[in-house]
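> Take a look at the following structure, please.
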Amino acid sequence: MQRKLPLLLALLVSAGALADVTVYGQANAGLILHKANSTTKTKIDNLYTPSRLGFRGTEDLGDGLKASFQLEQQVNIDTGDGMNFGQREAWVALSGGFGKLGLGRGKTPYTNTADYFEIFDGSSLGLAIYGVDGVTNAGALGATASAGGARFHNSVRYDSNNLNGFTAAVQLGVGENETDTVKETRALSMNARYNFGQFGVFGAYSSISDAGGVAGADKTALLLGGAAKFDALTVQLGWQRGELDANQSERDSVISTLAYAVGPTTYKAGIILAGEQDLAGSSVANSDYRLMALGVKHALSKRTNLVAEYARKDADGSANDQTALTLAVMHAF
Numbered sequence: 196m197q198r199k200l201p202l203l204l205a206l207l208v209s210a211g212a213l214a215d216v217t218v219y220g221q222a223n224a225g226l227i228l229h230k231a232n233s234t235t236k237t238k239i240d241n242l243y244t245p246s247r248l249g250f251r252g253t254e255d256l257g258d259g260l261k262a263s264f265q266l267e268q269q270v271n272i273d274t275g276d277g278m279n280f281g282q283r284e285a286w287v288a289l290s291g292g293f294g295k296l297g298l299g300r301g302k303t304p305y306t307n308t309a310d311y312f313e314i315f316d317g318s319s320l321g322l323a324i325y326g327v328d329g330v331t332n333a334g335a336l337g338a339t340a341s342a343g344g345a346r347f348h349n350s351v352r353y354d355s356n357n358l359n360g361f362t363a364a365v366q367l368g369v370g371e372n373e374t375d376t377v378k379e380t381r382a383l384s385m386n387a388r389y390n391f392g393q394f395g396v397f398g399a400y401s402s403i404s405d406a407g408g409v410a411g412a413d414k415t416a417l418l419l420g421g422a423a424k425f426d427a428l429t430v431q432l433g434w435q436r437g438e439l440d441a442n443q444s445e446r447d448s449v450i451s452t453l454a455y456a457v458g459p460t461t462y463k464a465g466i467i468l469a470g471e472q473d474l475a476g477s478s479v480a481n482s483d484y485r486l487m488a489l490g491v492k493h494a495l496s497k498r499t500n501l502v503a504e505y506a507r508k509d510a511d512g513s514a515n516d517q518t519a520l521t522l523a524v525m526h527a528f
């Protein structure tokens, strides 16, 4: 017995050191009143910040080296439907003093930077800054919402450690779709951020070549911005240019967000001003638009929040005006 007890304790300690697996997720749903021109819909829906179920874990390999994995899928609370397992995030990685190197599928560095402005959770319009064309979508014209844009698959990603306030990341994706008649889709995304005191500056770049295997269907986007925090107030400002080579179009946009925290309640405001679309060297008249959002988020606990948000999109000279009112409950686990 005396010999067995130390052996059992050693096995338990060893097992605990080998792996640390966490089950996590969010259950989010809301009542959404959505009006597009003269059509009004009322629905119970998944939110702009969707419900998800995920698994992540780490293993200490010694000498400062760790192995990790992450698998995450979306779940639609209103219907019970879900995306393919790992459709949101699917990674295996090694990390240490050199940073973190991962293989798999997931959000790109460009999307991570755009997410700084995603302070809203419920509105069906969202306040996305990485839409496809900036007219049929809420966000500004960009290169990250289609053809594997918001998330790259078949990719390798490197994230640096924090170096005195500076961080950077780069991700490369290959389409694995090349044949004698189909071009291989190639994707590149990178970002960098520097925080100093209460201020921060950041930038991101995204490029997708031969999107969907179509020769010349290239997409690029550049995002530059900054942030400042004054006690309970956080202010952000960004500028983005997106280009779609397939139809020789481009658009510039400016985005700003404000968040003010008072105890368990955070008040939010945001706006995107999207300029007119440039098509084959000519400006498309009345193609600019404005997207504005207001919201409040109240924490009932560390894991449960109530959300109320209103968003409005005004598109000049088009039938794309929209409004959305969202009342929602969000629970994290």
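Residue numbers (my numbering): 196 to 528. Note that CB positions come from ideal geometry on N, CA and C, so glycine has one too. Here the structure is a predicted model, which means the values were calculated and not measured.
#1: Can you round the beta-carbon distance between A285 and L296 to whole angstroms, since I take them to be within the 8 angstroms contact cut?
#2: List the DSSP bridge partners of A488.
#3: Please tell me whether T237 and H229 are closer than 9 angstroms, where the distance is taken between their beta carbons.
#4: If we ignore side chains and look at the alpha-carbon of each, how far apart do N223 and E445 end up?
#5: List the endpoints of the continuous alpha helix (DSSP H) containing Y305.
#6: At what residues does the beta strand (DSSP E) containing A412 begin and finish?
#7: Quick test of your reading: K463 and I314, contact by CB under 8 angstroms. State the CB separation rounded to the nearest angstrom.
#8: Tell me the rounded alpha-carbon separation between S355 and A364.
#9: Quick one, are the C-beta atoms of A494 and T460 less than 9 angstroms apart?
#10: Tell me whether the beta-carbon of G398 lies closer than 9 angstroms to the beta-carbon of T308.
#11: Ordered along the chain, which non-local residues of its own chain (more than five positions away) have a Cβ less than 6 angstroms from that of D511?
#12: Between which two residues does the beta strand (DSSP E) carrying M278 extend?
#13: Can the beta-carbon of P486 be found less than 9 angstroms from the beta-carbon of Y305?
#14: Once you ignore the five residues that flank D516 on each side, which residues in its own chain have a CB closer than 7 angstroms to its CB?
Let me spell this out:
#1: Not confirmed; about 15 angstroms, so no contact.
#2: Answer is G465, A506.
#3: Contact flag set, yes.
#4: Near 35 angstroms, if we compare the C-alpha coordinates of E445 and N223.
#5: The continuous alpha helix (DSSP H) containing Y305 extends over residues 304-309.
#6: A412 -> no beta strand (DSSP E), and no H or E assigned at all.
#7: Contact between K463 and I314 is confirmed by a C-beta separation of about 5 angstroms, below the 8 angstroms threshold.
#8: About 6 angstroms.
#9: Using a Cβ distance threshold of 9 angstroms, A494 and T460 count as a contacting pair.
#10: At a Cβ-Cβ threshold of 9 angstroms, G398 and T308 count as neighbours.
#11: Contacts found: N481, D483.
#12: It is not in any beta strand (DSSP E) - M278 carries neither H nor E in the DSSP assignment.
#13: The displayed chain sequence assigns Leu, not Pro, to residue 486. Between L486 and Y305, the C-beta gap is not smaller than 9 angstroms, which leaves the two residues out of contact.
#14: So the list reads N232, K508, D509, A510, once near-sequence residues are dropped.
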